[in-house]
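The opening residue of the sequence shown carries number 1 in full-length UniProt numbering; numbering runs sequentially from there.
Glycine is no exception: its CB is placed at the ideal position from the N, C-alpha and C atoms.
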Amino acid sequence: MYQNPRFNVLSAVQFRNLAARHFAKATNKPIIDLTDPNAKELTKEEFLALSNVELDVQKLKPHQYKQHVTKPNESDRDNRNKNKYVPHSELIKFKGHIVKDLVVETGQKLMYQDRGVYKMNRQEYYRHFFNKNSKDKNSLDKQQEKYYKLLKNPPKIKEKRIRPSKYWYKNDYTPPTNDEISKLTANELKFTFMNQSRHCRSAGVIDNNTWNLLLERVLKLSNKIKLRKLMRYFQAIGNVQLDVNWRVKQLIDIIYKRRVEMKPKHYVYLFQALSRLRYQGLNLLDDLHEMMLCWSILRNNFLIKAANSLSKLGVGNELLAQPLQKVISHRIVSFTGSDCIKVKYITCLEMFTDDMLVAFLHKCDYNRTLFCHYTRHLEIVELYLRLMKPNVYERLSEATREFLKSSREHSTMKDQIGKASFDSDVTNNQDMEGYSLNDIDNVTNEAESAPLDSENPRSADFGRSYHEDFVKDVARILTLLNIEAVKGVIAGPFTLDLYSSERNLVIECCPPYQFYTQTGSYTTCASWRHKLIRAMGFHLVLVPYKKWYSLPSDNDKGAFLTTILPNHIA
Numbered sequence: 001m002y003q004n005p006r007f008n009v010l011s012a013v014q015f016r017n018l019a020a021r022h023f024a025k026a027t028n029k030p031i032i033d034l035t036d037p038n039a040k041e042l043t044k045e046e047f048l049a050l051s052n053v054e055l056d057v058q059k060l061k062p063h064q065y066k067q068h069v070t071k072p073n074e075s076d077r078d079n080r081n082k083n084k085y086v087p088h089s090e091l092i093k094f095k096g097h098i099v100k101d102l103v104v105e106t107g108q109k110l111m112y113q114d115r116g117v118y119k120m121n122r123q124e125y126y127r128h129f130f131n132k133n134s135k136d137k138n139s140l141d142k143q144q145e146k147y148y149k150l151l152k153n154p155p156k157i158k159e160k161r162i163r164p165s166k167y168w169y170k171n172d173y174t175p176p177t178n179d180e181i182s183k184l185t186a187n188e189l190k191f192t193f194m195n196q197s198r199h200c201r202s203a204g205v206i207d208n209n210t211w212n213l214l215l216e217r218v219l220k221l222s223n224k225i226k227l228r229k230l231m232r233y234f235q236a237i238g239n240v241q242l243d244v245n246w247r248v249k250q251l252i253d254i255i256y257k258r259r260v261e262m263k264p265k266h267y268v269y270l271f272q273a274l275s276r277l278r279y280q281g282l283n284l285l286d287d288l289h290e291m292m293l294c295w296s297i298l299r300n301n302f303l304i305k306a307a308n309s310l311s312k313l314g315v316g317n318e319l320l321a322q323p324l325q326k327v328i329s330h331r332i333v334s335f336t337g338s339d340c341i342k343v344k345y346i347t348c349l350e351m352f353t354d355d356m357l358v359a360f361l362h363k364c365d366y367n368r369t370l371f372c373h374y375t376r377h378l379e380i381v382e383l384y385l386r387l388m389k390p391n392v393y394e395r396l397s398e399a400t401r402e403f404l405k406s407s408r409e410h411s412t413m414k415d416q417i418g419k420a421s422f423d424s425d426v427t428n429n430q431d432m433e434g435y436s437l438n439d440i441d442n443v444t445n446e447a448e449s450a451p452l453d454s455e456n457p458r459s460a461d462f463g464r465s466y467h468e469d470f471v472k473d474v475a476r477i478l479t480l481l482n483i484e485a486v487k488g489v490i491a492g493p494f495t496l497d498l499y500s501s502e503r504n505l506v507i508e509c510c511p512p513y514q515f516y517t518q519t520g521s522y523t524t525c526a527s528w529r530h531k532l533i534r535a536m537g538f539h540l541v542l543v544p545y546k547k548w549y550s551l552p553s554d555n556d557k558g559a560f561l562t563t564i565l566p567n568h569i570a
């Protein structure tokens, strides 16, 4: 507690004792109170204890009072100030370790101790004023510098995000004319390719003349165009699945010549476009060799895109694709629901091992709420496991099997687009999906009630013409051979082209999109379709479109069917 240096309790007590001694010297007789009738003789100590001597202190003059007041001892004040500080030994203990390198001289204070103004020497006392001014000046300089920066580079106004569909596509787009195409810049070509691709998909018709002119313009400006724009053009070409002519091949060669500029994601875009064009390039294995050590740096969505594309191109089970397979096997645990939806059935059949299939299906079961729109890929995977790998199917949990069954039985209307319609009796008694896996052996009389001509044929898909006329022509020749066949029968996840219930025969009319471009080999998707149809127990006969349209007359076509049909049927 703070005490006034001009007065303290000790000096008042000393003055009281002094007044008592002075009063005792004046009276040598015992002290008696005469006003009190019961007065008795008091001793000196008793009288001083009962009397108010402090009243005489107020009668003293200032110069008399000053003589009896003593100043506080300087040593006492130093002792009191020492209580404010923590000993140096304890400060080191608070640090949690012993400071060996720190040498503190005797009487020297640590820099973080609170030294008062009076503990500074003369030089330190005046210096702290200048330090304060310099700090204020530095802060002003920083504020001024910040202000000038804001003047030169004003803060940007946060722009509203534009959706990709609004950025790329124009609602009032019209295909450019020949003169307009010859004047397009590289940046304008980028938007033209995207809008032209969308226009072709919506119209269902491809204008080959316009696309050829656009490609020629790209080839002319290829030396001045960045690689990412070339990849953008190639992606648009793949979206509409153009015929791979010399212009498309030259664009592919230009991209491969600039392989040094390609990043891992550019290879994924390249694989996507090649798979949509069904073009097995000669450099495909070289691309896999380049990407051997780069798969792990890609996100899950890029890995899934690459796996789907490579599986469609028929290299999913190659040795050079094993690094991608191992990366995906470690990433399945972290797959989200959207990642599971993006995985195609061909990837599961071509690239996934047995353990990967089990882990993937369990992950799909965990995200079952998202599989409510399109479940065809899961249906094909289930069919593959039940027909070709029953031991792997037995490893699935009961909940996963129930999930696969429910997704098969309760498919949405999107699965019905492009499938043959049944009559009212069939649709009332059957599921909307058609025949389930349990009913495949019984596809007989009820299937024959389906109409011969599909009321809702599949529409053209990005320039891929539907082979309705092809199927009708084959059915006509079969009728001449006294073989009755029903068109559009649903067997599990597949829609059969022509089915003869009497002979348990399936005639598959193989259109151009079941072959790789400019080759006679079936695509991987078509090959697995044929394998699964045979695994169901059907006799499968394949009719390639090239061979069929090369036959001039009906007699030649009938003879051709007779040669490819089984002996007991023909």
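Since I believe residue 512 is in contact with residue 545 (beta carbons under 8 Å), could you give me their beta-carbon distance rounded to a whole number of angstroms?
Right, the Cβ-Cβ distance comes to about 6 Å (below 8 Å), so this counts as a contact.
Relative to the alpha-carbon of residue 191, which residue among 221, 334, 229 has its alpha-carbon at the smallest distance?
Comparing Cα-Cα distances from residue 191 to each of 221, 334, 229, the minimum goes to 229.
Closest to residue 468 by CA distance: which of 487, 197, 483, 478 is it?
Checked all of 487, 197, 483, 478; the closest Cα to residue 468 is 487.
Are there 16 or more other CB atoms within 10 angstroms of the CB of residue 292, so buried, or fewer, so exposed?
Its Cβ having fewer than 16 others within 10 Å, residue 292 is exposed.
If you reduce the DSSP assignment to three classes, tell me which class residue 178 lands in.
Helix, per DSSP.
What separation, rounded to the nearest whole angstrom, lies between the Cα atoms of residue 376 and residue 339?
So the alpha carbons of these two residues sit roughly 16 Å apart.
Would you please state the rounded distance, in angstroms, between the beta carbons of residue 305 and residue 280? I believe it to be under 8 Å.
That belief does not hold up - the Cβ atoms of residue 305 and residue 280 are roughly 18 Å apart, past 8 Å.
Using only the alpha-carbon positions, how far apart do residue 217 and residue 269 sit?
Going from the Cα of residue 217 to the Cα of residue 269 covers about 22 Å.
Are the region 335-352 and the region 312-319 touching by the rule of at least three beta carbon pairs closer than 8 Å?
Enough Cβ pairs lie closer than 8 Å, so yes.
Hey, quick one: how far does the beta strand (DSSP E) through residue 499 stretch, first residue to last?
Run containing residue 499: 494-500, per the beta strand (DSSP E) assignment.
Hey, would you say residue 250 sits closer than 9 Å to residue 219, going by beta carbons?
Going by C-beta atoms, residue 250 is nearer than 9 Å to residue 219.
Relative to the C-alpha of residue 404, which residue among 352, 474, 492, 480 is closest?
Here the closest residue by C-alpha is 492.
Do you know offhand how far residue 286's Cα is from residue 146's?
Cα-Cα distance, rounded: 54 Å.
Closer than 8 Å is the cut-off here; do at least three beta carbon pairs connect the region 529-543 with the region 500-511?
Verdict: yes, contact present.
What is the residue span of the alpha helix (DSSP H) that residue 289 lies within?
Where residue 289 is concerned, the enclosing alpha helix (DSSP H) stretches over 284-290.
According to DSSP, residue 487 sits in a beta bridge with which residue or residues?
The partner list for residue 487 (beta bridge, DSSP) reads 498.
Which residues mark the beginning and the end of the alpha helix (DSSP H) in which residue 477 is found?
Residue 477 -> alpha helix (DSSP H) spans 468-480.
Going by beta carbon distance, what residues of the same chain come within less than 8 Å of residue 362, once the five residues before and after it are set aside?
The answer, listed in chain order, is 396, 397, 400.
Could you say which of 335, 383, 390 lies nearest to residue 365 if we only look at CA atoms?
Out of 335, 383, 390, 335 has the C-alpha closest to the C-alpha of residue 365.
Once DSSP output is grouped into helix, strand and coil, what is the label at residue 162?
If DSSP states are grouped into helix, strand and coil, residue 162 belongs with coil.
Taking the Cβ atom as the reference point for each residue, do residue 211 and residue 235 lie within a distance shorter than 9 Å?
Cβ atoms of residue 211 and residue 235: not closer than 9 Å.
For residue 327, I'd like the list of residues in its chain whose CB is within less than 7 Å of its CB, leaving aside the five on either flank, ordered along the chain.
Contacts found: 295, 296, 303.
Within the same chain, show all residues whose beta-carbon is closer than 6 Å to that of residue 356, passing over the 5 residues directly before and after it, in chain order.
So the list reads 329, once near-sequence residues are dropped.
Could you name the residues of the same chain whose beta carbon sits closer than 7 Å to that of residue 485, not counting the 5 residues immediately before and after it, in chain order?
Counting only Cβ-Cβ distances below 7 Å, and skipping sequence neighbours, we find 475, 478, 498, 499, 500, 507.
Using 10 angstroms around the beta-carbon of residue 407, count the other beta-carbons present and answer buried if the total reaches 16, otherwise exposed.
Residue 407 comes out buried.
What beta strand (DSSP E) runs, 3 residues minimum, are completely inside the region 172-226?
Taking only runs of at least 3 residues, no beta strand (DSSP E) segment lies wholly in the region 172-226.
Starting from the C-beta of residue 354, find all residues in its chain whose C-beta is less than 6 Å away, skip the five residues before and the five after it, and write them out in chain order.
Same-chain partners within the cutoff: 392.
Alpha carbon to alpha carbon, what distance is there between residue 201 and residue 171?
Approximately 14 Å, taken between the alpha carbons.
Counting C-beta neighbours from all protein chains within 10 Å, is the total for residue 534 16 or more, i.e. buried, or is it exposed?
By the 10 Å Cβ count, residue 534 comes out exposed.
Determine whether the beta carbon atoms of residue 515 and residue 526 lie at a separation below 9 Å.
It is a contact, given that the beta carbons lie within the stated cut-off.
Quick check for students: name the residue ranges of the alpha helix (DSSP H) that lie wholly in the region 324-386, counting only runs of 4 or more.
Qualifying alpha helix (DSSP H) stretches, in chain order: 337-342, 345-350, 354-366.
Going by DSSP, which residues form a beta bridge with residue 515?
According to DSSP, residue 515 bridges with 522.
Do residue 213 and residue 181 count as a contact pair if the criterion is CB distance below 9 Å?
It is a contact, given that the beta carbons lie within the stated cut-off.
With a cut-off of 8 Å on the beta carbons, I'd call residue 558 and residue 481 a contact; round off their distance for me.
Between residue 481 and residue 558 the Cβ distance is about 6 Å, and since that is below 8 Å, they are a contact.
Is residue 246 near residue 384, with beta carbons less than 9 Å apart?
Contact: no.
Quick check on this structure: which residue in 322, 204, 258, 194 has the alpha carbon closest to the alpha carbon of residue 176?
Measuring from the Cα of residue 176, the nearest candidate turns out to be 194.
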